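What follows is one structure encoded as structure tokens, with my remarks underneath.
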Amino acid sequence: MLREGKEACPFVEDSFSRFLSQSNMYGLCQAGEQELLAATLKGKVVCFRYQDLQQKIRPVAKEVQFTYIPVDAEIVSIDAFNKSSPNRGLVVGITFIKDSGDKATPFLNIYCDYEPGSEFNLESIAQSCLNLELQFTPFQLYHTEVQCENGCSETVFLLSGHDQRIHLYKENASLHQFEEQPVERLFPELQELPSNVLWLDVLSIPGGRRLSAFGCQNGCVGLALVDQTGPEIVQSWRVQQDSPISTVLLFPLHSQIVGYNLLVTSSIEMAVVYRDVQEYGVSCHACLSESDQCDAVLCALVTDLDFDGQKELLLGTYGQELLCYKFQQPMRGTAEQFQLLWRRSFKSPLLSIIYLDLTGDGLRELAILTLKGLHILQVHYHVKRTSTLVSSLRNRCRTSPQLAASLNSTRKTLVFLQITNGIKTLLHITRQCKLSFLDINMHIIEQNIHVLCNMMSYECHLMKIIKG
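Each residue of the sequence shown is one higher than the last, beginning at 13 in the numbering used here.
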């Protein structure tokens, strides 16, 4: 039985949108900065956002009518991206299978509006479709940036399929459409695959290089270090596991330490992190203990949830559990490990996780897709603890004119504000109330304490000020 984490889950549910039919692990994507697209198996695509309604921020889920998706279609995967600069526009890709009775035909629809002024209008984009019939059953639809011959970057689609290949779709700017191109031209590491790829991840790193990882249906995990100027494979690794791979994620563990790790989750085995893959390949690893106790891990996310500069690992399981792990520095005589920090239970299996700022207040929410619908979680604010810090700051300001003057300085105000993720909210408060930053510390922060009290970086900065 899975034990409890050493901490309580810091997130509480803000909203839940129930879907009429279930989705899958490829059914959720971010569209723009503050919107989500969720696809259901019965051909429906729902856009989720927060809107200002009656002077309150409220969640809104609205179906988007994407053209050329038949009513009997079953959506397999969805993805979206903003075009790389200097190009403009939102691109949405949807794969689906049309059941004609005697046979099932797979398609890839790519939506993009080239009309000036409509490049980011989702309703207009949904009516501008390139319909491509596929000769294989699609799996994950993924996007990543590549370096072009002219030195610019361009975002492309990568689509895995049951034909044991990765298919590349790149925009032809002169024709205003996307075309399939040989994947080996830009991604030589993604040819001659050992099995059907279920999950793919690509990470650009300094020095004009990238790391590419893929997880296969037969349990094989592939990893490659690539020089993008060729492109040319510098080094590659393979490791075999005993069950289908559900996710692979490349990430740096610390914000200030160079070194990249690979998280691998599978349907049966414990999740594992391969440490510092540039240095050790797949020879140095750490298992996430008890991650195999909640049925198959279907989704994962690596992000800094507590603002301490070190990333946490989130695992979503078919056993209806969200697990959070954090790296623990090795003590004398012990090996480095990832410890279960907290867990949260749901009422249906977890399929996908995205961390984004939906409300536009500078704080990000957890969007979790389950079999029954979309959950939005927000950080639970520790009001009492931060109120104590604000009181301490007030006392310090009273006894230290130099500190008060520093905080009231316009230039240093901006520096102080930038420490928090709520800069947009605080600037809005400042403009509306026409108060100095010192007044904000004494009055506005206490009135709007819920905006700030989850920000660990802000709290740490206050502690430094209080301690002098």
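From the three backbone atoms N, C-alpha and C, an ideal C-beta is built for every residue, glycine too.
Bear in mind that the values here come from a model prediction, so they are computed numbers and not experimental data.
Under the three-state DSSP convention, the category I217 falls into: strand
L300 and V285 closer than 9 Å at C-beta: yes
8 Å contact criterion, which I122 and Y62 should meet: CB distance rounded: The Cβ separation is near 27 Å, so there is no contact.
Counted within 10 angstroms of its Cβ, other Cβ atoms place G105 as buried (16 or more) or exposed: buried
Own chain residues within Cβ distance below 6 Å of I69, not counting five before or after: Y62 and T371
Close-in-space but distant-in-sequence residues of the same chain around G385 (CB under 7 Å, 5 per side omitted): F28, S29, R30 and F31
Pairwise C-alpha distance: L202 and N184: 22 Å
Same chain only: Cβ atoms within 7 Å of S140, ignoring 5 sequence neighbours per side: Y123, C124 and D125
Close-in-space but distant-in-sequence residues of the same chain around E206 (CB under 7 Å, 5 per side omitted): It should be pointed out that residue 206 corresponds to Pro in this sequence rather than to Glu. Correct list, in chain order: C228, N230 and C232.
Residue nearest to H188 in terms of C-alpha spacing, selected from H179, C296 and N99: N99
Cβ-Cβ distance between Q247 and G293 below 9 Å: yes
Residue nearest to D316 in terms of C-alpha spacing, selected from Y330, Q268 and H297: Q268
7 Å CB neighbourhood of R423 in its chain, flanking five on each side removed: With a pLDDT of only 37 at R423, under 50, the local geometry of the prediction cannot be trusted, and the value read off the model is given with reservation. Same-chain partners within the cutoff: there are none.
Buried versus exposed, by CB contacts within 10 Å (16 or more), S258: buried
Closest Cα partner of F339 within the set D239, Y38, E161 and R287: R287
Cross-strand partners of Q189 (DSSP beta bridge): N184
Beta strand (DSSP E) segments (min. 3 residues) lying fully within the region 85-168: 85-94, 102-111, 116-123, 141-145 and 150-159
Extent of the continuous beta strand (DSSP E) to which V58 belongs: V57 to L65
Proximity winner among G44, K115 and F199, relative to V168 (alpha-carbon distances): F199
Residue span of the alpha helix (DSSP H) that contains Y292, given as start and end: V289 to Y292
Nearest neighbour of S279, chosen from W211, R355 and G234 [CA to CA]: W211
Where the alpha helix (DSSP H) through L40 begins and ends: First-last for L40: L40 to Q42, but that is the beta strand (DSSP E), not the alpha helix (DSSP H).
Presumed contact (8 Å Cβ cut-off) between M481 and C296, rounded CB distance: Nothing about residue 481 can be read from this structure; the chain reaches only from 13 to 480.
N- and C-terminal bounds of the beta strand (DSSP E) containing L275: Y272 to S278
9 Å Cβ cutoff met for E244 and G271: no
Rounded straight-line distance, which links the Cα of C41 to that of L48: 6 Å
Q193 vs R222 beta-carbon contact at 9 Å: no
Contact under 9 Å by Cβ, P150 with L120: yes
Residue interval of the alpha helix (DSSP H) (run including Q195): For the sequence presented, residue 195 should be read as Val rather than Gln. It spans V195 to L198 - the alpha helix (DSSP H) in which V195 sits, taken as one unbroken run.
Option nearest R197 by Cα separation, candidates G220, Q176 and V158: V158
Exposure label - P361; buried when at least 16 CB within 10 Å: buried
Beta-carbon spacing of C59, W354 below 9 Å: no
Whole-angstrom distance between L334 and L378, CA atom to CA atom: 11 Å
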